[in-house]
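Chains as they are written, first to last, in numbering that gives the first Met the number 0: chain A, 0 to 383; chain B, 0 to 401. Note that CB positions come from ideal geometry on N, CA and C, so glycine has one too.
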Amino acid sequence: MGDISPREIAWRLGRTRREFLRDAAGMALGTAFMGASPLVRAATAKKKRKVIVITFGGGARDQETFAPEGQINIPHMLGELIPQSSFFTQVTNNGILGHYVATASLATGVYETLNNFSAVPPDHPTIFEYFRKDLGRPVSDAWVVAPSNGFNRIGESDSRSYGPGFGARVILPKHLLSAASTGSKVDYGHLLHDNYETPLYAPEIAGGEFELQQLEKILKLSVDDFTSHARTLSSPDELSVFIARRLMKEESPSLLWITMHDIDVAHSGAFSLYVDAIRRTDRLCAELWKAVQDEPEYAGNTTLLILPDFGRDADQDSGGNGFQHHRTGDPASRTTWMMAMGAGVRQGVVYDNPVQSIDLVPSIGGMLGFSASQSQGKPIRELL
Amino acid sequence: MQPHDLQAEQFAAYPPLARKLAIANVKAFQQLPLSFLPGLLRQVIEYDYKFPAEQAAIDQELSHLSSLSPTQIAEWFHGFSQLSLSSKLEHLDWVNRPAQFVEQESAYLWTTHQLDAFSQAATAYGDRLQAAIPTAALPVRRLGIAVIGQGVATYDAPLFRNLRAHGTYFNQVKGEDGFEQLLDGVEARAKSYPTPYGHWYVDGGKAARQSAGLTTVSYEALQPVRDSLLKYMQTEIARPGMGPEELRTDLARLLPADLGMKGDADAALDRFQVKLFTEGSGTQIFSTTFAQWTTREALRRAQPLTLLARYAPRQRQRPMNELLSNTNANPELDPLGSLVDADMGAYYHWINQQRLPGAEHSSFLVWFEGHGDALVIAPSLPRGVTSDSAMNIKGLLSLATS
């Protein structure tokens, strides 16, 4: 990309997505709608609002998603979800590009600096703490479905003014399956991949008794039912979506956060596996949105937000090795997108004004009615 | 310690050639900022085991730095001087352990949001250096060859999508004895333009043959090294307190002898091969990743005139722990997935080749092994077009190099 500045590259990435979406999906440019007051918001205001966040996990680049050559990998988002959504073409992550620390930053609205490979809580209050403390919600109303053991502390921060007692419950499907399948002769290895970035390392957390209680008391699943269903699934993210759907049915949390991670298999350097994972994640996002429509507690009053935690290195950056990693901090690895759909969101609109990933928490605060007082982000007015 | 405190005696533990070089340039080192110097010393300390192209580049860089006035030094390194480092970093033994310093510096720059400023400073420095140092003319145009898709009977999706805009796509290639013809052509180039580490043959499976004049690296030949490394990793992981950073640091310290290499033939190549596994990601488990990363590193470091890379099927994906435990002697292969991997690998091969001097004159050939599809990029060939001319591989090679 020669002499172009990083800001220019980020703008072009966003603009390319916008042009593509306008051509392919017939979406309108967002500025035309600014200041309007969509009736949909009035209709949904009376019902109890729910928000689901999906991080389009592991980071995916434009070439493999929204650029013309990547369209083939996201048929569900393109054909089913984008026409229903407000699409933000330029979401920048200016923080550390490691998956746990970046997801923690998304969840706090502050660029966290914690050790990406340690099971430590974020320094700043999480969205779950703002939500529960400000609105007086019970613990059952905020849940996180997280991909690996390293994410088990993401539900609750170290903040003195929030912290213990106000966080979300975190469910680790792989840990759950590991506990449930102890002693089993069936091989669940394909569902137990952990951290692709450092596949040798996953912080150990306490053993399975609590997980099995979650299984029986909360998800209303017997060990046998759970393990036999798991045998039909092909990846850790499929397991996560299965658990999320079960949570929606049994607990109906108002704030549900699902972190996908299959795409991070890219760190192994196998391009085919990376693309397969993008296609799977695309399908799973559509399946989850369909589940929202099928659940009476969620249909009509749920806002779904889908965004990657960050991108991956550009082919042209000599400091990286293309899709394999996210180490250079170049514009391609920092510039992503966000899709919002459902309650209170305009359909078929593209916004290409730049927003930051830390704007997510105050924006959801605006939707649900809490104040993300320590967040460094700004509410995205197009979502409010 | 700061660079201006450096003394010649502090390089006593460096290997002989590196020590001599460092002592000769200590005055220049004293003027450089701490945010930059350990990165340079990381190159210098490995000087004895570098390829000739790397040694020449270090010589030229140090020679040029020594020629700069204090004012010029201040100007060249202004961006680096603006970076703020921690006292912990200053107290590290960055003279003798520059790689560890750079690793920790990188983590510190990320957490303090200074990485972008560092990248800008590094890019500006690289641009200045490139402009200041003359590029020697190549004896022959650089040639890259990628052979992909071994073991795939049929494939309907389009290949070479990323490369088509840059060259001519041939869809009527006669592939009989194609690989032999390529290897013959590469050997002939090596004979005509003999250069140490100037002509490479990388194979993701078993090398077809050992050829005089070619630097040959193959996944199969390195199986004992991979076995040793994976065994070492398993042992290390089981150690209490082991984390990813510690493991990475441990791996970076491994030498050829630690992994059972004899070390009596080619020290530079032995170290290069060990680093493929200790610094690469996925090279330990997937042959396609190995071939791609080896190609990248060979181009970056040795700057060869010729590089032939042949991809072989990798093992099918299994749980990462199982892959790393390396217990299955005959794993199931994934030829189709490997073709997709290799197609992207060929694109990266060309990109990495284009980063080297003489890019405007270089050529590239990629062939779907055993099939009639190939693409050639050469200054004399049109771009973004398809040719249905019936031609054998030798003919394509001639087009690429003429």
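CB contact below 8 angstroms: residue i versus chain B
| i | result |
| --- | --- |
| His266/A | yes |
| Gly206/A | The pLDDT assigned to Gly206/A is 47, lower than 50, so where the model puts this residue is not dependable; a value taken from the coordinates is nonetheless given after this. With 8 angstroms as the cut-off, Gly206/A does not count as an interface residue toward chain B. |
| Asp314/A | yes |
| Gly321/A | yes |
| Met33/A | Residue placement at Met33/A is flagged as unreliable, the pLDDT there being 41, under the threshold of 50; the coordinate-derived value follows with that caveat. False, the Cβ-Cβ gap to chain B never drops below 8 angstroms. |
| Pro378/A | no |
| His123/A | no |
Residues that residue i contacts on chain A, provided the C-beta gap is smaller than 7 angstroms
| i | result |
| --- | --- |
| Gln316/B | Leu272 |
| Arg160/B | Glu68 |
Residue range of the alpha helix (DSSP H) that includes residue i
| i | result |
| --- | --- |
| Leu359/A | 359-367 |
| Ala98/B | 97-110 |
| Lys173/A | 172-179 |
| Ile262/A | No alpha helix (DSSP H) holds Ile262/A; DSSP gives it neither H nor E. |
| Arg278/A | 270-293 |
| Met0/B | Neither: Met0/B is in no alpha helix (DSSP H) and is coded neither H nor E. |
| Ser118/B | 114-131 |
Chain A within 8 angstroms of residue i, Cβ atoms only
| i | result |
| --- | --- |
| Leu114/B | yes |
| Gln9/B | no |
| Arg382/B | no |
| Thr385/B | no |
| Pro15/B | no |
Contact belief for residue i with residue j at Cβ below 8 angstroms, rounded distance in angstroms
| i | j | result |
| --- | --- | --- |
| Pro138/B | Tyr192/B | 5 angstroms |
| Arg140/B | His360/B | 5 angstroms |
| Leu142/B | Ser362/B | 5 angstroms |
| Tyr110/A | Ile357/A | 6 angstroms |
| Ser158/A | Pro124/A | 5 angstroms |
| Gln149/B | Leu221/B | So it is not a contact: roughly 18 angstroms between Cβ atoms. |
| Trp142/A | Glu250/A | 7 angstroms |
| Ala106/A | Val360/A | 7 angstroms |
| Leu88/B | Asp47/B | Rounded, the Cβ-Cβ distance is 27 angstroms, inconsistent with contact. |
| Phe276/B | Arg313/B | About 15 angstroms separates the two Cβ atoms, so there is no contact after all. |
| Ala373/B | Leu398/B | Going by Cβ atoms, the distance from Ala373/B to Leu398/B rounds to 10 angstroms, so no, they are not a contact pair. |
| Ile147/B | Tyr310/B | 5 angstroms |
| Lys393/B | Gln180/B | 4 angstroms |
| Thr134/B | Leu304/B | At roughly 14 angstroms, the Cβ-Cβ gap does not stay under 8 angstroms, so Thr134/B and Leu304/B are not in contact. |
| Leu304/A | Ala339/A | 5 angstroms |
| Ile262/A | Ala243/A | Ile262/A to Ala243/A, Cβ: 17 angstroms. No contact. |
The beta strand (DSSP E) enclosing residue i, as first and last residue numbers
| i | result |
| --- | --- |
| Phe169/B | 167-169 |
| His198/B | 198-202 |
| Ala135/B | Looking at the DSSP string, Ala135/B is not in any beta strand (DSSP E), and its letter there is neither H nor E. |
| Lys49/A | 49-54 |
| Val144/A | 141-144 |
| Ile147/B | 142-147 |
| Met337/A | 334-341 |
Per-residue contacts from residue i into chain B (C-beta, under 7 angstroms)
| i | result |
| --- | --- |
| Ile95/A | Trp109, Thr110 |
| Gly328/A | Leu114, Asp115, Ser118 |
| Glu215/A | Going along chain B, no residue has its Cβ under 7 angstroms from Glu215/A, so there is no contact; the nearest lies around 27 angstroms. |
Residue i at chain C interface by Cβ criterion, 8 angstroms
| i | result |
| --- | --- |
| Ser317/A | As a matter of chain content, chain C is missing from the structure shown, whose protein chains are A and B. |
Listed by chain order, chain B residues near residue i by CB distance under 8 angstroms
| i | result |
| --- | --- |
| Ala269/A | Gly281, Phe285, Thr287, Thr288, Arg313, Gln316, Gly336, Asp340 |
### Residues of the segment 277-300 of chain B whose Cβ lies closer than 9 angstroms to any Cβ of chain A, in chain order
Gly279, Ser280, Gly281, Thr282, Ile284, Phe285, Thr287, Thr288, Phe289, Gln291, Trp292, Arg295, Arg299
### Query
Of all the residues that make up the segment 232-249 of chain A, which are near chain B by a beta-carbon distance shorter than 9 angstroms?
none
### Task
With 7 angstroms as the limit, tell me which residues of the segment 325-354 of chain B have their beta carbon closer than that to any beta carbon of chain A; keep them in chain order.
Gly336, Val339, Asp340, Met343, Tyr347, Ile350, Arg354
### Message
If the cut-off is 8 angstroms on Cβ atoms, which residues from the segment 113-146 of chain B count as contacting chain A, listed in chain order?
### Response
Leu114, Asp115, Ser118
### Task
Residues of the segment 96-112 of chain A with a CB closer than 7 angstroms to any CB of chain B: list them in chain order, please.
Thr112
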